[in-house]
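First up is the structure itself, then whatever we jot down about it.
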Amino acid sequence: MSKEEDSPVIRRTTRSSSSAPVKSNETEIKKNAVTYSPTINDLAFGEDKLSFNDLLSSFPGRHIQIKEIMRILGPQDCPMFPQFIYGGASTGKTSVVLQIFRHLNRPFVYASCRTCYSQRILFECILNQLLLHKKNAANGYSSAKRCEKPSDFVNFLREAVANVTNSLKGNLGELGGSKLGGGPNGSMLYLIFDNLELVREWDKSSCILPFLFNLSNILKMPEVGFIFISNTSPDTYYSNIGYLEPIPVYFPEYTEEDLRQIFLRSQSNRKLYSSFLDIVLRPFCRITRKVDELAAAFSSLFQKYCEPLSDLTSVPNEEMKRKLFSHFQPHIATSLNEIFWILSEPFLEVEPRSETMQKGITRKLEGDQEFAEMDFHMSTSAKYLLISAFLASRNPATLDASLFDSTGGSESRKRKRKASEKSMEQKEVAEQESLLKGPGTFPLERLLAIFQCITSVLDGYLDEEEHANDLLKVGRGDGLMSDVLLQLSSLCNANFIIKGGSCPLETTTRYRSTISEDMALKIARSLKFPLANYLYRR
Amino acid sequence: MGLQSDAEKAQSIIRSRLCNSSFVFKPLSDSPDSNYSKLKFIISSSITEGCNNSILLLGPRGSGKLAVLELVIYDLLQEHSDLISVIKLNGLLHNDDNCAFKEIARQLCLEHHLVFSKMASFDDNSQFMIAMLRECGLAHKTIIFVLDEFDSFAQGKQRLLYSLLDAMQSVTSQAVVIGVSCRLDADQLLEKRVRSRFSHRKLLFLPLSMEDVQRLLEHLLFLPVNTGLPHDFASQFNGKLRKVLADERFKEIIASCLNVQSTINNLLRFLFVAVSYMEPKLGFLSLENFKNALLSIQRQPKQEGIRDCSILELYILVCMKRLEVKEQNSYNFASVMKEYKSIHDSFHTSDYYARNVCLRAFERLLQRELICFTDSRGHGQSVEFRQVKLLISFGELQEGLKSYRSYPAILQKLLDR
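Going down the list, the sequences are from chains A and B. All residue numbers for the first sequence refer to our numbering, where the first residue is 154 and numbers rise by one. All residue numbers for the second sequence refer to our numbering, where the first residue is 607 and numbers rise by one.
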């Protein structure tokens, strides 16, 4: 989603608050109440119009979709069937629709089911916009109407829409057909529901989804148009209640050619960037064709590509390109296997929607490269705790005694049995099972026991080798144990260890470690801890 | 320019016709054995004879049950407006009894110019309704209750239905209860005490016959010759349209549209898209418009989803498919990765990426809903270890691969074995 997409709600807020930026609080409220009360014109984009050609050129690769949506919207004041716009994330659905409304300058109400995260908030958000109500300090940030049930919503909506369309018609009548007034075009109102896929998770038992789909039928007002925008295709909405299917409009993923145009749009030195894209676009497209992810990857790569260049504005010739390529080539393969770099300074024209995607902290930290470069800043005891959690998750509990006996380590543990065919088979099945089950759970006591064993063994090692590393010279037991519960809770908060899955028989909580083996090994290496000796392998 | 504006006018005339359900159903209500005539007869007889009645209108969604009913009520209101008052409820909105009684009271108050109290309790409202029924019965006024989505009123304790139908047992009241539902077994959902009070009249709404479709098309698409539009444009438009309608290929298109779903609403939707595809510059509806409309309505979302995938995502799908072929019915990301690695080990594909890159691709597949978790809860387990399943069949995957622009040939090979 591109930058020019700003939801109308935000736009209206900025416009109103910018009118009185320096005044004191009271006067601002007063001004809001007296001179700036939202008018009917605020339902459309108003003064900053967009020509059709600008609209098309601002969305390369989306011409067919723009024309299709406009066709279904039809001429001014023409009733329409509900529209259902779907396509993967970051294919420009929302921004295309909003820019089309900017071009047409027709009144609309936009509500995203992501920001309006419950039935009541969604209803009230729509009604607030229709009733030209703005939440502010004067009204205690309350909504115009309190509305929780669909039945109330329909009654209010009918009333509000009738008012709005009447005043829109009145507006048109006054202007006498001349469109100079800057008011919205036409008296038809459009309701846009964005991120509809989230509604499915709101309340499993509620009938909000069939209600929304049937809303146009329930209202029976031809002067209201409905547009639904969703990440997922119409067939994911089927339920046993059923609904009248809206008209589908599909936004496919961008092709390689479209992507090239999109990336070139924001560049100052197009020739240079184009030669860069020649190299990277194809391999990256094999992994993903999402604009946001690619933009994130390309932004850092382009800097690397440009490193040998002194003058970024020069147009590269063939020889130069070859030189740049040979310099750059080694980076490609490694960067393909990386995910998601976060730059220190925001550079992107097309902003990655990282905040909207659900990503745990673990994910960002899991990549190998990240660990190589940024050291894992954690206290030593937290690292030990993490390792012991990892061991507790991977090793069967029955082997604890033999692994952590007084001799320490498992060097003595040798299994020299010949593998028969049957045992091999069993082994395979067990392996599959362990893959399916994932890391096991463990109670707190076991974690603490392993932790204590590990740290005591470590002391033994240190004594033997007389390796007096002052970093690791921690007092036996007590020093490390002092705040171990505190560390554990912070590790839980950081998602390295998950709480939950309590056993039904005993009431204690069980834990589970989420870190991968690579990461555990890395931590162990940083502690010089022989992790491999303690891992049980089948 | 003249042609273009005429064409735009024609387009908006047809579009508003398609959106106006009472216009659509006009021609279907002429014949004496249509649902319209039957329904009108039943209701008007119970109005004139002053008796109670209850009917169920059943038919698939979008077959025009409510539209016909509304047409009937509209006509009856024209005939004897002072003898009827209509209360409309919708199961999607008023499925809890409290809310339904409130809405009934609200509409009754509105109709009879009384003051409606928001604070009235459930008991107040239900007593008010019964009192109103009695009063209206004494005044020889029939109350028509329209219960849309009737099946959702039949959930729970059915208190609304019971008190409505029970009140109708008394001699003084005069009411018609009309249930509208797309569940054909709607009357089986009723409790015994409700069912015994319900008269089991049912009207079925059947799919359109071919003659009906023909009549509807003519009724909806031909422009009026005498009003608004210039005469020769309208007649030219109608002439060209007649040619299209007579075309064999057009009949095929209509048939394939109705084969999927032969309800009126589906037909209307199809016509709507066709009309909006009309080029104002050309000025007339062409066969091409109808063809495009069919294509844009009959979508195959799963195929589109597969076409949207990147190569890596396809690999993951193929790996999952292979696991299923191996009769390993439950798998998660970790086991998919094992399969992915074994493919790489034996074929040395060029597309071998790190585990976390694959995890991202895996998550994108989840987002596209080509795969999903088998359990909905899965708390305390990370994405990698939750069990997943494919939401596409073998055939769909294969067809999707074929329509993919340039996929590695190895994928097809992997899929076949």
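Built from N, CA and C at the ideal position, the CB exists for glycine as well. Everything numeric in this text was worked out from a predicted model, so none of it was measured.
Excluding sequence positions up to five before and after Arg667(B), its CB lies within less than 8 Å of the CB of Cys788, Thr869, Asn871, all in the same chain and listed in chain order.
When the beta-carbon positions are compared, Ser340(A) and Leu310(A) stay at least 7 Å from each other.
Distance check between Tyr1013(B) and each of Pro633(B), Ser956(B), Ala760(B) places Ser956(B) closest, using alpha-carbon atoms only.
Scanning the stretch 254 to 321 of chain A from its first residue to its last, the whole beta strand (DSSP E) runs of 3-plus residues come out as 261 to 265. Residues of chain B with a Cβ closer than 7 Å to the Cβ of Gly241(A) are, in chain order, Asp914, Arg974. Nearest neighbour of Met943(B) by Cα position, chosen from Glu990(B), Arg974(B), Ser916(B), turns out to be Glu990(B). In summary, the residues of the stretch 639 to 671 of chain B whose CB is separated from some CB of chain A by less than 9 Å are Pro666, Arg667, Gly668, in the order they occur in the chain.
Contact with chain A is absent for Ile922(B), since none of that chain's Cβ atoms lies less than 7 Å from the residue's Cβ. Taking a 10 Å sphere around the C-beta of Gln780(B), we find 16 or more other C-beta atoms and assign the residue as buried.
Proximity of Leu310(A) to chain B, defined by a Cβ-Cβ separation below 7 Å, is not satisfied.
Closest by C-alpha distance to Leu552(A), out of Pro228(A), Arg442(A), Tyr687(A), is Tyr687(A).
Around the Cβ of Gln272(A), a 10 Å sphere holds 16 or more other Cβ atoms; the residue is buried. Proximity of chain B to Arg439(A) at the Cβ level (cut-off 7 Å) is accounted for by Ser916, Ile917, Leu918, Asp957, in chain order.
Here Ile998(B) carries a coil assignment [DSSP, helix/strand/coil]. Within the stretch 681 to 759 of chain B, the beta strand (DSSP E) runs of at least 3 residues that lie entirely inside it are, in chain order, 690 to 696, 748 to 754. DSSP places Ile922(B) in no beta strand (DSSP E) but in the uninterrupted alpha helix (DSSP H) bounded by 917 to 931. Between the stretch 207 to 218 of chain A and the stretch 357 to 374 of chain A, the count of C-beta pairs closer than 8 Å stays below three; the two stretches do not touch.
Taking 7 Å as the threshold, the shortest C-beta distance from Glu277(A) to chain B does not fall below it. Using a Cβ-Cβ cut-off of 7 Å, Glu614(B) counts as an interface residue toward chain A, since at least one Cβ of chain A sits closer than that to its own. Following the DSSP letters along the chain, one finds Lys536(A) inside the alpha helix (DSSP H) bounded by residues 533 to 547. If you draw a straight line from the Cα of Ala899(B) to the Cα of Arg803(B), it is about 48 Å long. If you check each beta-carbon in the stretch 288 to 310 of chain A against every beta-carbon of chain B, the ones closer than 7 Å belong to Lys302, Pro303, Ser304, Val307. Between Arg821(B) and Pro638(B) a beta carbon distance of about 16 Å is seen, past the 8 Å cut, so the two are scored as non-contacting.
By the 16-neighbour rule on beta-carbons within 10 angstroms, Gly378(A) is buried. Taking every protein chain shown into account, the CB of Ser999(B) has fewer than 16 other CB atoms within 10 angstroms, so this residue is exposed. With a cutoff of 7 Å on beta-carbon distance, Pro337(A) and Pro260(A) are scored as near each other. Annotation: the continuous alpha helix (DSSP H) that includes Val444(A) extends over 444 to 459.
Between the alpha carbons of Leu639(A) and Ile912(B) lies a distance of about 47 Å. The C-beta of Thr466(A) comes no closer than 7 Å to any C-beta of chain B. The alpha helix (DSSP H) runs lying completely inside the stretch 210 to 259 of chain A and spanning 4 residues or more are 216 to 226, 246 to 257, given in chain order. Excluding its 5 nearest sequence neighbours in each direction, Ser421(A) has no C-beta neighbour in its own chain below 7 Å. Counting only Cβ-Cβ distances below 8 Å, Lys944(B) has contacts in chain A at Leu588, in chain order. Put simply, the stretch 240 to 258 of chain A does not touch the stretch 892 to 908 of chain B. Fewer than three CB pairs are less than 8 Å apart. The straight-line gap separating the alpha-carbon atoms of Leu280(A) and Arg353(A) is approximately 22 Å. Residue-level contact by beta carbon fails for Val850(B) and chain A, as no gap is shorter than 7 Å. Annotated three-state conformation of Val866(B) is helix, per DSSP.
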